[in-house]
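Quick note, the sequences are listed as chains D and H, same order.
Here the numbering used here is used: the first residue of the first sequence is 381, the next is one more, and so on.
Here the numbering used here is used: the first residue of the second sequence is 381, the next is one more, and so on.
Note that the Cβ used here is the ideal one computed from N, Cα and C, for glycine as well.
Structure first, commentary second.
There are 2 protein chains.
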Amino acid sequence: MTLTGELLIGAAEVAATAGTMKALDPATGELLEPEFAFGGAAEVDRALRLADEAFDSYSHTGLAQRAAFLDLIADKLEAAKDELAARLALETGLPAVQFEGEAVRSAGVFRKFATVVRQGRFLQAAVDTAQPDRQPTPRLDHRLQKVALGPVVIFGASNFPISYSVAGGDTASALAAGCTVVVKAHNAHPGASEIEGRIIRQAVAEAGLHEGVFSLLRGAGNEIGEALVDHPLVRAVTFTGSEGGGMALYRRAQRRPDPIPVFTEMTSVNPTFVLPAALAARGAEIGAGLVQRAMYNVGQACLKPAILLAVDGPGYRDLRDAAAAEVEKVDARTMLTPGIHDAYTRNAQRLEDEGATRVAAGAAPARAWDGQSLLYEVTGERLLAEPALREEVFGPAVLLVRLSSSEQLTEAARAFRGQLSATLHADAADRGAAAELLPILERRTGRIVFNAFSIPQEVSYASTHGGPFPATSDSRFTSVGMGAIERFVRPVTYQNFPDELLPEPLREANPLQVWRLVDGELTRS
Amino acid sequence: MTLTGELLIGAAEVAATAGTMKALDPATGELLEPEFAFGGAAEVDRALRLADEAFDSYSHTGLAQRAAFLDLIADKLEAAKDELAARLALETGLPAVQFEGEAVRSAGVFRKFATVVRQGRFLQAAVDTAQPDRQPTPRLDHRLQKVALGPVVIFGASNFPISYSVAGGDTASALAAGCTVVVKAHNAHPGASEIEGRIIRQAVAEAGLHEGVFSLLRGAGNEIGEALVDHPLVRAVTFTGSEGGGMALYRRAQRRPDPIPVFTEMTSVNPTFVLPAALAARGAEIGAGLVQRAMYNVGQACLKPAILLAVDGPGYRDLRDAAAAEVEKVDARTMLTPGIHDAYTRNAQRLEDEGATRVAAGAAPARAWDGQSLLYEVTGERLLAEPALREEVFGPAVLLVRLSSSEQLTEAARAFRGQLSATLHADAADRGAAAELLPILERRTGRIVFNAFSIPQEVSYASTHGGPFPATSDSRFTSVGMGAIERFVRPVTYQNFPDELLPEPLREANPLQVWRLVDGELTRS
Chain D
381 MTLTGELLIG AAEVAATAGT MKALDPATGE LLEPEFAFGG AAEVDRALRL
431 ADEAFDSYSH TGLAQRAAFL DLIADKLEAA KDELAARLAL ETGLPAVQFE
481 GEAVRSAGVF RKFATVVRQG RFLQAAVDTA QPDRQPTPRL DHRLQKVALG
531 PVVIFGASNF PISYSVAGGD TASALAAGCT VVVKAHNAHP GASEIEGRII
581 RQAVAEAGLH EGVFSLLRGA GNEIGEALVD HPLVRAVTFT GSEGGGMALY
631 RRAQRRPDPI PVFTEMTSVN PTFVLPAALA ARGAEIGAGL VQRAMYNVGQ
681 ACLKPAILLA VDGPGYRDLR DAAAAEVEKV DARTMLTPGI HDAYTRNAQR
731 LEDEGATRVA AGAAPARAWD GQSLLYEVTG ERLLAEPALR EEVFGPAVLL
781 VRLSSSEQLT EAARAFRGQL SATLHADAAD RGAAAELLPI LERRTGRIVF
831 NAFSIPQEVS YASTHGGPFP ATSDSRFTSV GMGAIERFVR PVTYQNFPDE
881 LLPEPLREAN PLQVWRLVDG ELTRS
Chain H
381 MTLTGELLIG AAEVAATAGT MKALDPATGE LLEPEFAFGG AAEVDRALRL
431 ADEAFDSYSH TGLAQRAAFL DLIADKLEAA KDELAARLAL ETGLPAVQFE
481 GEAVRSAGVF RKFATVVRQG RFLQAAVDTA QPDRQPTPRL DHRLQKVALG
531 PVVIFGASNF PISYSVAGGD TASALAAGCT VVVKAHNAHP GASEIEGRII
581 RQAVAEAGLH EGVFSLLRGA GNEIGEALVD HPLVRAVTFT GSEGGGMALY
631 RRAQRRPDPI PVFTEMTSVN PTFVLPAALA ARGAEIGAGL VQRAMYNVGQ
681 ACLKPAILLA VDGPGYRDLR DAAAAEVEKV DARTMLTPGI HDAYTRNAQR
731 LEDEGATRVA AGAAPARAWD GQSLLYEVTG ERLLAEPALR EEVFGPAVLL
781 VRLSSSEQLT EAARAFRGQL SATLHADAAD RGAAAELLPI LERRTGRIVF
831 NAFSIPQEVS YASTHGGPFP ATSDSRFTSV GMGAIERFVR PVTYQNFPDE
881 LLPEPLREAN PLQVWRLVDG ELTRS
């Protein structure tokens, strides 16, 4: 595939109107060809008008047709995995093999959403049959299904340039819901974004869908983001990234004359609590295992277990020593962007300024934007006194917290803001303490992991990638897993309808055999 | 039950700290005993601390215990129906019999939510079993259920002083979800609010629950509302009322350091479209039927069909004449509050100022706050030119729109903002036109009614009482029907858990026999 650097607005390729950029190879500091176009408010308007034009037909595609379209994207994504991986190795400085795997996994997500669409459970179809003789008033026939919200804007993330980017779970779940999509590409990987965008666009054309089903934009600074969340035709927004960036978009969207749902996935330190019996029995194993997971993707992962808490006692020193030894093994590796590298250096220094001690370090940086792996330690007292110590350091740093008592561990658990995940390591003798800790963690996180590590992320029915603020802007939703589709649908009730005017899933004969709640009972007949 | 006028904060009765008020009998203009206490920020803080304290235990009640608690409220509400109705007849000037029915219906809503809790489908339990041998990475066991958000603040409405007030569907669905509740009573019916509040509080005590599960506050002006949405322990807010009031609370909550979900149900004109064959065949029947429904509760209903649209042609004059005759039959009746009466008079005048013609009027007002029933007519051209004509007039007014063509009807359908409902009257010969209109209505409303009128509101599985902005602040939810519980829950995933530490609905043996999605298949085993 030849990269042209143009914006993809429906079927059109649109040249720059607001400057251009080149991608940076963070491993060499060199700029990569070609030049990529930036657009502005005019391109936003053009893409959203097309998305709105396409919405009525796309949102009313039959379930089988929509599922086939998602499968087609999956096939094309998988077929392009080598090309994508090669470009991403250049754009990120990370090994190509990682991205081959990410492309295959992301193709799998599109296929899973195709299944979700075919099965039609996401419609949450319900039928309350007429009761003409009911006293004191008769009941009319009521039938409900979920329908798509409208055009959706997706802001791709920097750190997983396929699965949380143009051809990632946000796009898959929005398209599955029946929404049309405008993606704002992340400028950290414009080439991969273009490849992914062209794949989806090609699938739109081959499936015979309206060109406005998908567009890919790119822009400099905040201007294009603001134009996107301000546009009157947008019906929902998703964002994965920093708390600052996410909240700026969130608050802006809430100031619209007509506020719209914005789901932002922002920040999490994914605290890991090690209870005493587990600590004594396998402190070293936990310390080493956690560091291995934390260093995945140079620590640039939303599920990185960034803070490890244990009460000082038998096994604590083993845990610390093993974690330190593991950190010391890690080579310095290129971070995703110079900006992310600079923030990492600054935020790691912040830990020291706030009283954390550097316990171990990986190999020293060899190149300009290499991130050095670091292990810090701090007392429970300091952690409780200083909120900044409980905040994310995006990159390969882990903070070990030495607590003085189990009461302090409970207090620390209560002190965290909302999280994507929390992990508990507990042996049989810890079960009582674990049971007491669970309700505290449940209130603060979207996922609780027991005696394991929280990555890799599963994409399935029981997955939650969400949590109380500031992990996300709305804890009622998830951005990963089959539930992600719920962000993009709303209920509509059809009352007293003639059968032939009803949407297919609600017709009396249930021709699609979707699960429906009929007079309160689940049935497929 | 003796009314004391105190605030009900948990088990405590709290005297006024911010002034007092008396209820007004709008039929006589007289003030009713006793004095009702106003509270301020200190009482808000006290109620929310209690609600937060109660949350961990209440949100972890077993499903059977929680359902029994809801049934207990239902029994007490039904037992108090005469007392409630007598007080409400005084506080509203409306007939007592209406409120007996409302009390019975609201008791039924609590019972329906008890069933929802017992069945446990709202938990949306999902199990993805472990796949230790999966390549390239094994899968850990993942189990998901929905959990309650936390303490919820509910702002009661003025117009349905039981079912949308203290003991209404918002409270029932929040308690069913496992949330603790603080209600801010509407000052239009403080006595009924106290009766309802005491009923719920008594049920909390008899069920042996933490006193903080429920509190009832009252306050003057905006101050208490602002303190409620600002309080750091509140996790969600619901509101039913005007667009101005709802959006003030919504926007304030979105400016919090940690934004919280606010569901506001605000304004809707519930447009009714009459297609040509239906108009010719039964124009008079539709005109008369619509006016009868519109005048229910002196036009003070969110589902009032306020705007009736038809293309001028055969049957149009019959429709208008029948609507006019029906309006002329209606006695002037007391409106809920002097403020609502004054706004009605002002807004009805606005229709005339914008070019609508008064076609008919009901009996002239006999008392100060009587609302006179009114029928206006306006051209399609004016309706399209003047957005104010498409806005709600809360009270007994109906606007008939005389359209010049079917194209203008389509254009008018597109011009409306988001609605709770829209209605289509269409005969067999209208089916083609109806099919074209449906996608337009679907995008703009939470409910479409075919050849019927949209009230009374059903409270069931297929009910939607929601819709795009400004009908509500978030079209993905409903405030009426079993789906209302979804506003108050969020997913949590339990990963790799030992069975005995899992929440009961997720245990391997499924002891509660709830429906679960196990490896993608729905099952109760």
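Alpha carbon of VAL642(H) to alpha carbon of THR873(H), nearest angstrom: 24 Å
Pick from GLU888(H), ARG713(H), ALA427(H), GLY420(H) that is closest to GLU591(H), judged by C-alpha positions: ALA427(H)
contact_flag[the stretch 693-706 of chain D, the stretch 655-667 of chain D] where n(CB pairs < 8 Å) is 3 or more: yes
For LEU754(D) and ALA777(D), the rounded distance between their alpha carbons: 5 Å
Residue-level contact to chain H via CB, TYR438(D), 8 Å cutoff: no
Whole-angstrom C-beta distance between LEU596(D) and VAL563(D), which should lie under 8 Å: 5 Å
N- and C-terminal bounds of the beta strand (DSSP E) containing PRO871(H): 869-875
Beta-carbon proximity of VAL546(H) to GLY536(H), cut-off 8 Å: yes
Interface positions of the stretch 816-827 of chain H facing chain D (Cβ-Cβ less than 8 Å), listed along the chain: LEU818, PRO819, GLU822, ARG823, THR825, GLY826, ARG827
Partners in chain H for PRO836(D), counting only beta-carbon separations shorter than 9 Å: THR517
Cβ of PRO414(H) within 8 Å of any chain D Cβ: no
ARG498(D) versus LYS492(D), GLU482(D), ALA444(D), residue with shortest Cα-Cα distance: ALA444(D)
Same chain, Cβ closer than 6 Å to ALA740(D), five either side skipped, listed in chain order: ALA704, VAL707, GLU708, LEU755
Beta carbon proximity, ASP854(H) to chain D, threshold 8 Å: yes
Any chain H beta carbon closer than 8 Å to ASP462(D): no
Validate contact between the stretch 873-885 of chain D and the stretch 427-436 of chain H using beta carbons, cut 8 Å, 3 pairs: no
Residue range of the unbroken beta strand (DSSP E) whose run includes LYS526(D): 522-528
Exposure label - GLY442(D); buried when at least 16 CB within 10 Å: exposed
First through last residue of the alpha helix (DSSP H) which encompasses ARG797(D): ARG797(D) -> no alpha helix (DSSP H), and no H or E assigned at all.
Where TYR756(D) sits in the DSSP three-state scheme: strand
Partners in chain H for ASN347(D), counting only beta-carbon separations shorter than 8 Å: Within the shown structure, residues of chain D are numbered from 381 to 905, placing residue 347(D) beyond reach of any answer.
Local conformation of THR858(H) per DSSP, three classes: coil
Simplified DSSP assignment, three categories, for ASP733(D): helix
Beta-bridge partners of LYS456(D), as assigned by DSSP: The partner list for LYS456(D) (beta bridge, DSSP) is empty, contrary to what the question assumes.
Contact with chain D by PHE774(H), beta-carbon distance below 8 Å: no
Per-residue burial, GLU423(H) [other beta carbons within 10 Å of its own, 16 or more giving buried]: buried
Backbone secondary structure at VAL739(D) - three-state DSSP: strand
Spatially closest choice to SER853(D) from ALA686(D), PHE619(D), THR408(D), by CA coordinates: PHE619(D)
PRO414(D) (DSSP reduced to helix, strand or coil): strand
Cβ of LEU881(D) within 8 Å of any chain H Cβ: yes
Continuous alpha helix (DSSP H) assignments of at least 4 residues falling wholly in the stretch 585-660 of chain H: 603-610, 623-634
Environment of SER785(D) [buried if 16+ CB atoms lie within 10 Å]: exposed
heavy atom of the ligand ADP below 7 Å from ARG823(D) C-beta: With respect to the ligand ADP, the structure offers nothing, as it holds no ligand at all.
Nonlocal neighbours in the same chain, by C-beta distance under 7 Å from ALA396(D), ignoring five residues either side: ALA417, PHE418
Inter-residue spacing [alpha-carbon to alpha-carbon] between VAL654(D) and GLY760(D): 14 Å
Run of the beta strand (DSSP E) containing ILE828(H), from where it starts to where it stops: 827-830
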